[in-house]
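A.B. asks: Be aware that the sequence shown starts at 390, since it is given in our numbering, and climbs by one per residue. We put the beta carbon where it would ideally sit given N, CA and C, even for glycine.
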Amino acid sequence: SVIIHDVARSGEYRVNEHFDSQWNPIRDYNKDNPAHRFRAYGGTPGHWIEWGRLMLHLHAALEARFETPPAWLLEDAKGLFH
Numbered sequence: 390s391v392i393i394h395d396v397a398r399s400g401e402y403r404v405n406e407h408f409d410s411q412w413n414p415i416r417d418y419n420k421d422n423p424a425h426r427f428r429a430y431g432g433t434p435g436h437w438i439e440w441g442r443l444m445l446h447l448h449a450a451l452e453a454r455f456e457t458p459p460a461w462l463l464e465d466a467k468g469l470f471h
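1) In chain order, what residues of the same chain have a beta carbon less than 8 Å from the beta carbon of Gly-431, not counting five sequence neighbours either side?
2) Please report how far the alpha carbon of Leu-443 lies from the alpha carbon of Phe-470, in whole angstroms.
3) How many angstroms separate the CA atom of Trp-440 from the CA atom of Asn-419?
4) Mapping DSSP to helix, strand and coil, what is Pro-459?
5) Following the continuous alpha helix (DSSP H) through Pro-423, name the residue where it begins and the one where it ends.
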């Protein structure tokens, strides 16, 4: 996952939710309207937990199919919970 393994990992696992057309994070997105109900400034910790949970499910599903999950998958899932 580019969003988690590359972007969030390089930023201490803070999940950026807003990107430009080249997939560069827009870190100050909606800074002038931080209380926006659906496009808040910054990140949403609940979304980080959801990403981590989905990654754990993917890891388990790959193992159930006797496939080897990427080594970073479990490490990054744990990183989202710190």
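C.D. replies: The relevant details are as follows:
1) Closer than 8 Å at Cβ, skipping near neighbours: Pro-423.
2) 13 Å
3) 22 Å
4) coil
5) From DSSP, Pro-423 is part of no alpha helix (DSSP H); its letter is neither H nor E.
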